[in-house]
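Before any comments, here is the structure.
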Amino acid sequence: MSHASRDTVSSAKPWITTGALLLLTFLMLALANASLPRALEIMALTMLMLMQVALIAGNSMRLRHAHPGILWTFVGGLLVTSVLLYVLIAPDAMRIREMVTRP
Amino acid sequence: MAQTTEQTTDMRHGSDAEHAHEPGFIRKYVFSFDHKVIGIQYIITGLLMALVGATLAMLIRLQLGWPDRVWPLLSQIFPKGYVSGVMTPEFYLAVVTMHGTIMVFFFMSYVLVSGFGNYLVPLQIGARDMAFPFLNMLSFWVGSISALLMISSFFVEGGAAAAGWTAYPPLSAVASAVPGSRNGQTVWLVSMAFFIASFTLSGLNIVATVFSERARGMSMWRMPLTVWSYFIASILGLLAFPALTAAAVMLILDRHTGTSFFIPIGLVVAGQHLSHTGGSPLLWQHLFWFLGHPEVYVLILPALGIACDVIPAFTRKPVFGYKLSVWCLIAVGALSMVVWGHHMFVSGMSPFTGEYFSVATLTITLPMTVFGVNMLASLWGGSIRLRVPMMFACAVLALFGSGGLGGLYLGNATADMQLTDTYFVVGHFHMMIGGVTLMATFGGLYYWYPKMFGRMMNEKLGTAHFWLTFTPFFVIFFMQHFLGIQGAPRRYYAFTAYDFLRETRLQNTIISSAAMVLISGQLLFLINFIWSLFKGRKAADNPWEATTLEWTTSSPPPHDNFGPHPLTVHRWAYEYGVPSDVGDYADQRVPKERVAVTA
Amino acid sequence: MSLQASAAVQQANRWDGGVCPFGAGWRTVMLWWFIISDGLLFAGFLAAYGYARLSVSNWPDASQVFSLPFLTAMTVVLLASGATMTLAVEAARREEWSTCSTFILVTGLIGLAFLGLQAWEWRHLIADGARMNTNPWGAVAFGAYFFVITGFHGLHVFTGTVVLATAARRVWARRATAVGVEMVGLYWHFVEMVWVFIFTLFYLL
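Residue numbers (my numbering), protein chains in the order written: chain A, 241 to 343; chain B, 175 to 773; chain C, -12 to 192.
Next up, the structure:
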């Protein structure tokens, strides 16, 4: 049996995704080189990174077409868990720096 | 449409692949794809590892109970560990480390999670096998390599790892810190890597099986609590273990390539100034406990699930608050991922996160308490048949309640400052991940033994075994709470040098004596297990008159579990106390036309 | 009986058993969980890196250490392999197996090119004095985290190329299914996604 009728995705699409990813990459490089305030730089780069991740996960890994359950499993299981891990250990790192650099 | 094709291939794969011809001995019992055989392999490997762990516990208790006795015999068995009959402190540390590691990872995880999980999950959801039988076999054999490595670490130069089952650096990272940190620690880390690989494969299989292989009509809300608990525990394992993998890789690098992920600057070990700079031991603690805390829930959730399934069969009434219990399991699972810091209150962590971890930990007691009360209410008003599995299920409840109370003190940062690293902690966690899980393991073994081997275990021996297990267990670890309140620190190999602990001498002797009773009592189980295998009364298909699917097939079940015809589930797993043509219960396959569905 | 049962299943909720909940078979569910679990391995490394970096004040400035044009080339290469992988998956859906096989092979070759670039980068940095336990630019942990994180990613790329080679052979021999190719694609895109994290968090920030 043929799946041709079902598949309406044109082969131009991967290049659009890749093009968008590349564009974001160059934008990020430019931002990293522009001497922005540190907080702004971190925020901007993280946002752009998440956009890239969304592009790859959504288009390339086809999460946009998958059941929302898989999407939420992925977001909760990987992204939220990682953020929780980092957020809860970061205060200790900052405390170490304070203790080391305090005169 | 692609998915539909995939499903049909799945079903076809499931039905024809294994039927072609009768497999030979090796295929059937050694490199078997059958989840039941793999489950039993895990259980037996785990029980053998428990023998090792229990022997180590005996060495610990001999030392603590009678610190100035001389043991010439032990000197012959462990020439390096006992110098002229007296245990060396280094050997004590190695023994404690290996006892913890073996019991947590190679006994409880094997028997309770991988063993019963493999055996029960497909049977209880009406599947032919795990989703990916080959992966299942692979996970068992990778796990065996891990177990063998762990045992072999006793025989390497310097002896087994001695930095505790938590492997805190710098003790675990600096080879000169303790003899066990020479080669033993490396073997320990490599063995853990294999273990994590094996556990991940097994977890993937359980999650995918529960997700996709349920029989018709077996909705999520009809699954027995055991299956729910395995589902949640497997997800927790998949989320938590990778952090330890990362940490273990970094620790190995610290040990062998001179990096300083975990070794701080200016460290002096054995009079030598180390060249390492810039690492943070706190980081290891975070990464370890990010795994370590969910891991204890990975162990305890299946224990609670098993108890919840055993209880209704012996009270002849449905489990109380089924849906609420499931939601509690989910809440506990989710919360368990974000409370790991309560193991680190005295580590010098940020007081702000400490406060958070305290509150989060106390929050987790809410769903846990609701779950415990549901279990208690499941007993209320039942017509109780006090058989051996039921006794152990009640023991689960008893230890869960009393052990849980200790958790309230330890979860509170202020109280924990006083109690941490004392025997209060030892008593607490032995009651929870030692006791609750041990009682559930025995309860589960007595309960499902007829299904696994087609014969009943001896009831009288079982009863004796129960009392010889539960009583000394409770005595030992209840008393240890009080030792802790008196200030007795854990990990010390003798208390003879401290005036304020002189009073605790008698307590330690009593605890050690009780421990000897406990361990000798397990001989009864061993005898019962082996004797019943050959001489036990033949078991009926459903000897306990229970409702879940595994009891609807023969004992032991055939290779494809339920025969060639697909089965359909019509009701939840706890249809007790309803009049039917077989008695006061209806198994999950009975259609609603024959017996009314209550939930 | 079986007709009735299948009709009942069709009406039933996806969570009722006999049907796969997320419209995904066990292979897909298992692969997604594997990806999550494997991703959390990198989360562990990256969180540790973030911790180490926050706790010192002399973390090297990335633009002093890395050559950004070179890094851009690495990123472009990996992103291009993602595009060819998508093309392979689409060809598999249309059952154009030889096209599919070619694209998988191309993806694998681009993956190897990425590994080559990474080896080049490592050699360059090692020549500059970067080691696991020391480096000329600042905080000691920098070198260790650099080699561990990029090394593990490289290992995943390498595993990916092995998987791709196997898949290309199977597809060429017409022994593959569209779902199978899609799963290879999922893994490859996951490796690509991990690079996006590493690129931003380690190289740019």
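Where a beta carbon is used, it is the ideal one built from N, C-alpha and C, also for glycine.
Quick caveat: nothing in here was measured; it's all calculated off a predicted structure.
Taking the Cα positions, D715(B) is about 9 Å away from E724(B).
For S386(B) against A305(B), the beta-carbon gap comes to about 6 Å, under 8 Å, which counts as contact. Under the Cβ criterion (8 Å, minimum of three pairs), the segment 209 to 222 of chain B does not count as touching the segment 262 to 274 of chain B. In the three-state DSSP reduction, Q446(B) falls in the strand class (E or B). Going by DSSP, S403(B) is part of the alpha helix (DSSP H) stretching over 399 to 430. L286(B) has its alpha-carbon roughly 15 Å from the corresponding atom of T374(B). Each residue's CA atom was taken as its position, placing L192(C) and M339(A) some 24 Å apart. P541(B) carries a helical assignment under DSSP once its states are collapsed to helix, strand and coil. Contact with chain B is found for L27(C), since one of that chain's Cβ atoms lies less than 8 Å from the residue's Cβ.
The three-state secondary structure of K210(B), taken from DSSP, is helix. At a C-beta separation below 9 Å, S499(B) has no neighbours in chain C, since its nearest C-beta there lies roughly 18 Å away.
Proximity of F314(B) to chain C, defined by a Cβ-Cβ separation below 8 Å, is not satisfied. Of all C-beta pairs linking the segment 305 to 320 of chain B to the segment 641 to 657 of chain B, fewer than three are shorter than 8 Å, placing the two stretches out of contact. In this structure, DSSP gives S365(B) a helical state, which the three-state scheme calls helix.
In this structure, F184(C) sits away from I22(C), with a CB-CB distance that is not shorter than 8 Å. Nearest C-alpha to L33(C) among F129(C), S85(C), E169(C): F129(C).
The beta carbon of G289(B) is closer than 7 Å to those of G213, Y216, I217, G220 in its chain, skipping five residues each way along the sequence. Under DSSP, Y750(B) shares a beta bridge with Y759(B). Under the Cβ distance rule, I185(C) does not count among the residues neighbouring chain B, no pair being separated by less than 8 Å.
Residue environment: D590(B) is assigned as buried (16 or more neighbouring CB atoms within 10 Å of its CB, all protein chains considered). Here the alpha carbons of L642(B) and S694(B) stand approximately 8 Å from one another. At a cut-off of 8 Å between C-beta atoms, S322(A) counts as an interface residue with respect to chain C. Setting aside the 5 residues that flank it on each side, N632(B) is surrounded in the same chain by N702, W705, S706, G710, each with a C-beta closer than 8 Å to its C-beta; the list follows chain order. Bridge partners of K712(B) according to DSSP: R629(B). For the 8 Å CB-CB criterion, L271(A) and E281(A) form a contact. Straight through space, the alpha carbons of R161(C) and C568(B) are spaced by roughly 58 Å. Interface with chain B (8 Å Cβ-Cβ cutoff): F145(C) is excluded. For the options A371(B), L222(B), R388(B), W395(B), the alpha carbon positioned closest to that of Y748(B) is the one of W395(B). Using a CB distance cut-off of 8 Å, S275(A) does not count as an interface residue toward chain C. Near chain B, meaning a CB-to-CB distance below 7 Å, the residues of the segment 307 to 318 of chain A are G317.
Residue range 307 to 326 is occupied by the alpha helix (DSSP H) that includes M311(B). Proximity to F139(C) across V93(C), A60(C), Q105(C), V166(C) peaks at Q105(C), based on C-alpha coordinates. For the segment 3 to 22 of chain C, the set of positions with a beta-carbon nearer than 9 Å to some beta-carbon of chain A reads P8, F9, G10, A11, T15, V16, W19, W20, I22 in chain order.
When rounded, the separation of the alpha-carbon atoms in T62(C) and S434(B) is 29 Å. In this chain, V278(B) is not harboured by any alpha helix (DSSP H), its DSSP state being neither H nor E. Not one beta carbon of chain A lies nearer than 8 Å to the beta carbon of Y132(C).
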